[in-house]
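Asks:
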Amino acid sequence: MPIKNRFSEMLPEITAWRRDFHENPELLFDTHRTAGIVAKKLREFGVDEITEGIGRTGVVGVIKGRSTTSGKVIGLRADMDALPIYEATGAAHASKTPGKMHACGHDGHTAMLLGAAKYLAETRNFDGTVVVIFQPAEEGGGGGKEMCDDGLMERWGIQEVYGMHNMPGIPLGQFAIRDGAFFAATDQFEITVVGLGGHAAKPHEAIDTTVVAAQMVTALQTVASRNHDPVKNLVVSVTSFRTESEAFNVIPQHVTLRGTVRTMDKETREMAEDRIKGIAAGIAEAFGAKADVSYRKGYPVMVNSTEQTEFAAQVATKISGDCATAPLIMGGEDFAFMLEERPGAYILVGNGDTAMVHHPEYDFDDNAIPAGCSWWAGIAEMRMPA
Ligand SMILES: [Zn+2]
Ligand SMILES: [Zn+2]
Numbered sequence: 157m158p159i160k161n162r163f164s165e166m167l168p169e170i171t172a173w174r175r176d177f178h179e180n181p182e183l184l185f186d187t188h189r190t191a192g193i194v195a196k197k198l199r200e201f202g203v204d205e206i207t208e209g210i211g212r213t214g215v216v217g218v219i220k221g222r223s224t225t226s227g228k229v230i231g232l233r234a235d236m237d238a239l240p241i242y243e244a245t246g247a248a249h250a251s252k253t254p255g256k257m258h259a260c261g262h263d264g265h266t267a268m269l270l271g272a273a274k275y276l277a278e279t280r281n282f283d284g285t286v287v288v289i290f291q292p293a294e295e296g297g298g299g300g301k302e303m304c305d306d307g308l309m310e311r312w313g314i315q316e317v318y319g320m321h322n323m324p325g326i327p328l329g330q331f332a333i334r335d336g337a338f339f340a341a342t343d344q345f346e347i348t349v350v351g352l353g354g355h356a357a358k359p360h361e362a363i364d365t366t367v368v369a370a371q372m373v374t375a376l377q378t379v380a381s382r383n384h385d386p387v388k389n390l391v392v393s394v395t396s397f398r399t400e401s402e403a404f405n406v407i408p409q410h411v412t413l414r415g416t417v418r419t420m421d422k423e424t425r426e427m428a429e430d431r432i433k434g435i436a437a438g439i440a441e442a443f444g445a446k447a448d449v450s451y452r453k454g455y456p457v458m459v460n461s462t463e464q465t466e467f468a469a470q471v472a473t474k475i476s477g478d479c480a481t482a483p484l485i486m487g488g489e490d491f492a493f494m495l496e497e498r499p500g501a502y503i504l505v506g507n508g509d510t511a512m513v514h515h516p517e518y519d520f521d522d523n524a525i526p527a528g529c530s531w532w533a534g535i536a537e538m539r540m541p542a
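Every position in the sequence shown, counted from 1, becomes a number in my numbering once 156 is added.
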């Protein structure tokens, strides 16, 4: 099963859908237009059952095979949301909304899963049930979690779930996957340092929050470098240092630090949280200041299941002749919530030598569509052979 001819035929049509999504990006849960088009197209394709409004703006479609005697039910998931970025591709199909952009290729993911749904509803060449899942708010909103909280897995009886993301740097249409932990847990912290504001010319009468916060930034570097086993993975990044005054002659009363923590296992995640809180409190105390720390747990580690990963790689190999081992990725992915509920696998499809995802010059390469659609179709047809 190399690339299916049907998807080469459908390429202009699926490309047109993809470019329409690209021109009309929507953020987080606000994917009303995209979800509306998805539901409308699924109806046109003759998909058996369509439900909107799961996880606020998610869409679920059911496609029954020619027979369903196997009793198998497989979920295939795509994400629909864009990013708050000013597009700089100069493409004819560039975003029509300044400050919003499909810079992660979710336009391509949605179009590819729609293409696969159209093909699967036409051919029904499998014994079982496919559930196509279109989720909002992958980029930080936890749309996948909200769909799970709405009973996605139980309500549709999903037994296994599969996801796909394009990736620049992997040759176009080639695949890469990784067994076990694959994408990192992504947590956020915010530390508010409370000192004693005052005149910059009278530092002895103030408790200088900028000096205290600067010590914290330096000390936080030791969580990864000194507290953590160097053969394991951890990122602690301070990404924002904000004072309440921009004046040249004021010692601010408050400084707020923000940052992110990326981990690949539970123990490291807990250790990092403990150390961040301890460092903030200890340094504040040493300088007579106070530190309020809020630590927000985000997406969990995304863990591929072994059996489904091997199967997903087999399907990819049939299409592209090979499936590479992907490296660990310290980014987050909210498909992690679905993989916490059901076994499954998440694969990368190559976007070729393009700007990286989340870059203003990134664009999904439509020539990856036949390979991506063939993989979706192959998951259904090979896992549930007719
Ligand atoms: Zn992204
Ligand atoms: Zn993405």
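Where is the CB? At the ideal position from N, CA and C, for every residue including glycine.
Starting from the C-beta of Thr465, find all residues in its chain whose C-beta is less than 7 Å away, skip the five residues before and the five after it, and write them out in chain order.
Replies: Within the sequence shown, residue 465 is the residue found at index 309, counting from 1. Ile333, Asp335, Ala501, listed in sequence order.
Asks: Compute every distance between the C-beta of Asp235 and the non-hydrogen atoms of ligand 2, then say whether any falls below 7 Å.
Replies: Walking along the sequence shown from the start, residue 235 turns up at place 79. The answer is yes for Asp235.
Asks: In the DSSP assignment, find the alpha helix (DSSP H) that holds Ser530 and state where it starts and stops.
Replies: Here residue 530 refers to the residue found at position 374 of the sequence shown. 525-539 is the extent of the alpha helix (DSSP H) around Ser530.
Asks: Check whether the Cβ of Glu182 sits closer than 7 Å to any heavy atom of ligand 1, and report yes or no.
Replies: Counting from one through the sequence shown, the residue named residue 182 turns up at place 26. For ligand 1, not one heavy atom lies less than 7 Å from the Cβ of Glu182.
Asks: Suppose only complete runs of 3+ residues qualify. What are the beta strand (DSSP E) ranges in the segment 358-399, listed by chain order?
Replies: Correct list: 390-399.
Asks: For Cys479, verify whether its CB is less than 7 Å away from any heavy atom of ligand 1.
Replies: For this step, residue 479 is matched to residue 323 along the sequence shown. No, Cβ of Cys479 sits at least 7 Å from all heavy atoms of ligand 1.
Asks: Counting Cβ pairs, one atom from each stretch, are 3 or more of them under 8 Å apart for the segment 281-300 and the segment 222-230?
Replies: Enough Cβ pairs lie closer than 8 Å, so yes.
Asks: Let me check you understand the geometry: is the CB of Val513 closer than 7 Å to at least one non-hydrogen atom of ligand 1?
Replies: By 1-based counting over the sequence shown, the position of residue 513 is 357. Because some heavy atom of ligand 1 lies under 7 Å away, the Cβ of Val513 counts as near it: yes.
Asks: Give the DSSP bridge partners of Tyr451, in chain order.
Replies: Start at 1 with the first residue of the sequence shown, and residue 451 comes out as number 295. Answer by DSSP bridge pairing, in chain order: Phe345.
Asks: Could you name each continuous beta strand (DSSP E) segment of 3 residues or more that falls completely within the segment 430-479, going from the start of the chain to the end?
Replies: Counting only runs of 3 or more, we get 446-452, 458-460.
Asks: At the level of alpha carbons, what is the spacing between Ile503 and Arg382?
Replies: Translated into the one-based positions of the sequence shown, residue 503 becomes position 347. Translated into the one-based positions of the sequence shown, residue 382 becomes position 226. Distance between the alpha carbons of Ile503 and Arg382 is about 34 Å.
Asks: Straight-line CA distance for Phe152 to Gly264?
Replies: The structure shown does not extend to residue 152, since the chain is modelled only from 157 through 542, so no value can be given for it.
Asks: When you compare the CB positions of Thr213 and Pro292, do they come within less than 8 Å of one another, or not?
Replies: Walking along the sequence shown from the start, residue 213 turns up at place 57. Walking along the sequence shown from the start, residue 292 turns up at place 136. Contact: yes.
Asks: Evaluate Ala267 with the Cβ neighbour count: other Cβ atoms within 10 Å of its Cβ, from every protein chain shown; 16 or more gives buried, anything less gives exposed.
Replies: Locating residue 267 in the sequence shown gives position 111, counting from the first residue. The residue in question, Ala267, is buried, as its Cβ has 16 or more Cβ neighbours within 10 Å.
Asks: Could you check if Glu243 belongs to the surroundings of ligand 1, using beta carbon to heavy atom distance under 7 Å?
Replies: Position 87 of the sequence shown holds residue 243. No.
Asks: Starting from Val216, follow the alpha helix (DSSP H) in both directions and report where the run begins and ends.
Replies: For the purposes of this step, residue 216 is taken as the residue at position 60 of the sequence shown. Where Val216 is concerned, there is no enclosing alpha helix (DSSP H), although the beta strand (DSSP E) it sits in stretches over 214-220.
Asks: If you reduce the DSSP assignment to three classes, tell me which class Leu269 lands in.
Replies: Taking the sequence shown and counting its residues from 1, the one referred to as residue 269 is at position 113. Note: Leu269 maps to helix in three-state DSSP.
Asks: Counting pairs of beta carbons, one from the segment 427-444 and one from the segment 364-378, are three or more of them closer than 8 Å?
Replies: They touch, by the three-pair rule.
Asks: Under the three-state reduction of DSSP, which class applies to Ala403: helix, strand or coil?
Replies: Within the sequence shown, numbered from 1, the residue matching residue 403 stands at position 247. Residue state, collapsed to three classes: coil.
Asks: By the DSSP assignment, the alpha helix (DSSP H) with Ala191 in it spans what residues?
Replies: Here residue 191 refers to the residue found at position 35 of the sequence shown. Per DSSP, Ala191 belongs to the alpha helix (DSSP H) from 188-200.
Asks: Less than 8 Å between the C-beta atoms of Pro324 and Tyr518, yes or no?
Replies: Working through the sequence shown from its first residue, we reach residue 324 at position 168. Working through the sequence shown from its first residue, we reach residue 518 at position 362. The answer is yes: Cβ separation under 8 Å.
Asks: Only counting runs of 4 or more residues, tell me where the alpha helix (DSSP H) segments fall wholly within the segment 299-356, in order along the chain.
Replies: Whole alpha helix (DSSP H) segments, 4+ residues: 299-305, 308-311.
Asks: DSSP has Ser223 in a bridge; who is on the other side?
Replies: Here residue 223 refers to the residue found at position 67 of the sequence shown. DSSP lists Asp283 as partners of Ser223.
Asks: I'd like to check one pair, Asn180 with Arg222: are the Cβ atoms closer than 8 Å?
Replies: The count along the sequence shown starts at 1 and reaches residue 222 at position 66. The count along the sequence shown starts at 1 and reaches residue 180 at position 24. Cβ atoms of Arg222 and Asn180: not closer than 8 Å.
Asks: Report all residues from its chain with a CB closer than 6 Å to the CB of Ser450; omit the five preceding and five following residues, and keep chain order.
Replies: The residue you call residue 450 lines up with position 294 of the sequence shown. Contacts found: Glu346.
Asks: Which residues share a DSSP beta bridge with Gly508?
Replies: In the sequence shown, residue 508 corresponds to position 352, counting from 1. BP columns for Gly508 are empty, so no partner.
Asks: Please state whether DSSP places Thr171 in a helix, a strand or coil.
Replies: Counting from one through the sequence shown, the residue named residue 171 turns up at place 15. If DSSP states are grouped into helix, strand and coil, Thr171 belongs with the helices.
Asks: Among the residues of its own chain, which have a CB less than 6 Å from the CB of Gln330, if the five just before and after it don't count?
Replies: Walking along the sequence shown from the start, residue 330 turns up at place 174. Here the set comprises Ser476, Gly506.
Asks: Look up Phe520 in the DSSP assignment and say whether it is helix, strand or coil.
Replies: To locate residue 520, count along the sequence shown from 1; it is residue 364. Three-state DSSP puts Phe520 in coil, outside helix and strand.
Asks: Determine whether the beta carbon atoms of Gly299 and Phe185 lie at a separation below 8 Å.
Replies: Numbered from its first residue, the sequence shown carries residue 299 at position 143. Numbered from its first residue, the sequence shown carries residue 185 at position 29. Yes, they are a contact pair.
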